[in-house]
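First comes the structure, then the notes that go with it.
Chains as they are written, first to last, in this note's numbering: chain A, 1 to 398; chain B, 399 to 796.
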């Protein structure tokens with residue numbers, strides 16, 4: 001039986017590539033510190049669980065296809081607080097930001113359509129784009145330049161008749177890069193001039209560590225038809241398992257098409273929507289505390305990395321990831337070796353090798369992504385293991 | 399900005415087409431009996447809600463991408479009970495049967511690929527097939543023949559080089575048709591001979607009213623690589639709002655591709671999976687009672703329909719839908735009129751007009767789908783309103 005061409009161009013997750021080696025290492029008694037996946041350890045606000053416990057209907061019915069009105073209303077209020085007014089029909093609830101991206105790509109891409117995305121990028125973008133028949137046109141950045149991508153000339157050089165959109169995660173996964181207001185306005189200007197969708201994956205919006213507050217693409221006037229926001233409760237409220245996301249746009253023609261997908265899959269999980277609505281009652285002090293915690297962790301990571309000779313790493317400005325270039329021949333080989341041959345007091349460490357975050361072949365092979373989602377003490381130990389590992393790895397053949 | 403060609407070939411839901419007229423009728427004080435949507439009124443087993451209330455972790459984490467092992471294990475046990483042994487990696491948990499269908503179509507269809515589906519069919523199939531670049535090749539059936547579709551000659555006449563799969567809902571939505579064991583074996587034989595996927599959407603498996611028990615395509619030996627089962631807790635346990643489905647196949651190459659989509663969307667909602675695992679502890683008496691209730695309702699519908707002069711309707715053998723041909727010029731016009739001009743003691747009725755269930759233009763225009771998901775007394779009244787409506791509608795210009 002035939003498989004589709006498009007699915008064969010998709011990849012399995014690079015974050016899970018070394019899972020079998022990890023399982024084997026654990027069997028041999030190793031303790032592994034996980035810096036490889038973005039699962040926060042922050043407590044989910046109890047309001048979520050309380051709302052679910054208080055559900056009192058006898059029949060767990062479908063929710064309305066566009067989302068339950070209460071959750072949409074809470075999201076409207078949240079955006080009104082940052083100065084953006086959205087109507088109810090400009091917000092569709094999705095099963096995580098993931099479904100929002102899948103529906104969006106199917107709605108805007110034909111075979112051969114291109115989406116400009118700064119690389120390194122969130123690897124699952126590739127599956128969403130490829131499965132819709134499109135291709136990622138990478139805007140290559142480098143560790144030496146701090147993964148800076150807002151370069152008008154470079155971006156415009158990539159635009160051609162097949163280009164449909166410019167997409168970015170802001171704050172960035174995997175780099176932690178945050179666009180300045182001027183940079184975002186410049187991107188908006190390009191999108192408007194070339195009649196492109198401008199897709200801002202802003203699921204890490206709360207996690208910015210200093211400097212000016214994050215600007216959302218929804219805050220820029222004049223690009224109402226271009227701008228599409230992807231958002232989610234997963235990271236904001238440490239509620240990844242709820243799978244509640246949203247896609248937001250004032251582009252009525254696009255929203256009408258997206259509604260077809262919402263109706264085709266009937267609805268998003270009812271209880272998770274009710275509980276997610278309750279999350280929006282969390283007050284600002286929750287975010288202040290979480291932000292402060294992540295900032296400390298970021299500082300720890302950056303300091304430890306700067307102490308390792310040969311590492312290239314800029315200070316990330318947001319999210320809870322960073323990319324670093326290591327003084328090793330191959331991050332893939334190094335990670336495998338850390339799981340098969342290395343230990344320090346019975347412990348080792350995992351990260352995500354960098355090549356899976358690039359579309360350009362050969363790029364990122366000595367880079368890694370670190371997700372700083374461990375508590376301070378564990379994080380310090382994990383970073384020390386990384387330093388010890390690099391030293392031992394490079395000393396093997398000396 | 400451009401929209402994809404494929405999304406523009408998808409449709410909004412025909413079940414929701416008359417929603418604005420219904421809203422208006424309610425504003426004018428009308429009471430509407432809803433036979434138009436398949437939302438069961440049966441109580442969700444309390445085991446679901448209890449499992450959620452007992453969740454005690456502080457962080458609502460992502461579940462594993464293929465699904466939580468406990469739920470997969472419960473599904474393995476359920477299938478073992480009907481004589482089918484599935485390994486853990488032959489079952490993937492999805493966000494409803496809907497996501498299973500979306501992932502499947504993206505995995506097996508290229509632009510121009512064809513899927514043979516008996517019409518009338520579940521309208522959302524069109525969105526899943528179209529959004530993957532494919533097209534439904536309809537196997538047309540008629541009310542006069544009880545929507546019978548298992549005809550080898552007719553099916554083989556539709557197979558060409560673009561055909562990738564034969565797909566059907568069994569028991570059928572919208573027709574309630576149930577394949578006999580011999581018919582299913584014949585379909586399996588065709589799929590094997592022509593190297594096609596055989597996709598059995600078996601979400602209504604428990605709802606068969608008499609005769610031999612339903613045969614699953616998983617029970618047929620020799621088509622392990624062809625057979626794909628779509629299943630869900632939505633109808634089985636009246637848990638539509640949980641959005642928990644599954645895709646099951648022994649075709650390892652296919653499952654490996656599907657896993658790419660599972661990983662790309664990270665996971666299915668954690669709590670809904672935990673709670674759905676608890677549903678499988680419900681004992682057989684639950685299904686017996688539910689089945690008996692639906693059978694009574696079916697009998698009521700069929701009896702009432704047979705009493706209306708000019709209606710063509712066979713007795714459906716399963717699910718909780720039936721299709722009927724009405725003695726009206728247009729089911730669409732009739733439905734609209736029922737909402738705008740008709741009332742009996744302030745009440746009216748809604749069904750789903752038939753044309754949305756057909757791919758062939760012009761087909762089904764005087765047919766309707768009835769979902770018998772109302773309690774006996776309400777159902778009788780709804781059917782009486784239908785009879786009164788037909789009479790009054792046809793008397794308008796006399």
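Glycine included, each C-beta is placed from N, C-alpha and C at the ideal position. This one's a predicted model, so the numbers in the text were calculated from it and none came from an experiment.
So for residue i, helix, strand or coil by DSSP?
i             : result
residue 321/A : strand
residue 306/A : helix
residue 127/A : helix
residue 368/A : strand
residue 421/B : helix
residue 579/B : helix
residue 176/A : coil
residue 686/B : helix
residue 713/B : coil
residue 134/A : coil
residue 777/B : helix
residue 544/B : coil
residue 393/A : helix
residue 698/B : helix
residue 168/A : strand
residue 518/B : coil
residue 412/B : helix
Does the beta-carbon of residue i have 16 or more other beta-carbons within 10 angstroms, so that it is buried, or is it exposed?
i             : result
residue 310/A : exposed
residue 332/A : buried
residue 603/B : buried
residue 127/A : buried
residue 559/B : exposed
residue 634/B : buried
residue 113/A : buried
residue 90/A  : buried
residue 695/B : buried
residue 285/A : exposed
residue 671/B : buried
residue 457/A : Residue 457/A lies beyond the stretch modelled for chain A, which goes from 1 to 398, so this question has no answer here.
residue 409/A : Absent from the model: residue 409/A. The displayed extent of chain A is 1 to 398, so no value can be given.
residue 23/A  : exposed
residue 553/B : buried
residue 775/B : exposed
CA-CA distance, residue i and residue j?
i             : j             : result
residue 505/B : residue 592/B : 19 Å
residue 476/B : residue 664/B : 26 Å
residue 379/A : residue 372/A : 7 Å
residue 790/B : residue 438/B : 30 Å
residue 207/A : residue 165/A : 25 Å
residue 580/B : residue 567/B : 16 Å
residue 133/A : residue 117/A : 16 Å
residue 589/B : residue 595/B : 6 Å
residue 785/B : residue 705/B : 9 Å
residue 338/A : residue 121/A : 25 Å
residue 693/B : residue 718/B : 9 Å
residue 415/B : residue 753/B : 12 Å
residue 255/A : residue 263/A : 12 Å
residue 75/A  : residue 244/A : 12 Å
residue 111/A : residue 174/A : 27 Å
residue 37/A  : residue 290/A : 18 Å
residue 258/A : residue 96/A  : 15 Å
residue 404/B : residue 442/B : 37 Å
residue 536/B : residue 757/B : 6 Å
residue 304/A : residue 669/B : 37 Å
residue 225/A : residue 250/A : 6 Å
residue 330/A : residue 353/A : 9 Å
residue 26/A  : residue 92/A  : 42 Å
Report yes if the C-beta of residue i is less than 7 Å from at least one heavy atom of the ligand FAD; otherwise report no.
i             : result
residue 760/B : Because no ligand of any kind appears in the structure shown, any question about the ligand FAD cannot be addressed here.
Bridge partners for residue i per DSSP, in chain order?
i             : result
residue 501/B : Its beta-bridge partners do not exist; DSSP assigns none.
residue 561/B : 512/B
residue 293/A : In DSSP, residue 293/A forms no bridge with anything.
residue 95/A  : 244/A
residue 344/A : 347/A
residue 139/A : 118/A
Worksheet entry | Whole alpha helix (DSSP H) elements within the region 600-675 of chain B, 4-residue minimum | Segments of the alpha helix (DSSP H) lying fully in the region 600-675 of chain B: 650-662.
Discussion item. Quick check for students: name the residue ranges of the alpha helix (DSSP H) that lie wholly in the region 422-475 of chain B, counting only runs of 4 or more.
Written reply: Qualifying alpha helix (DSSP H) stretches, in chain order: 444-451.
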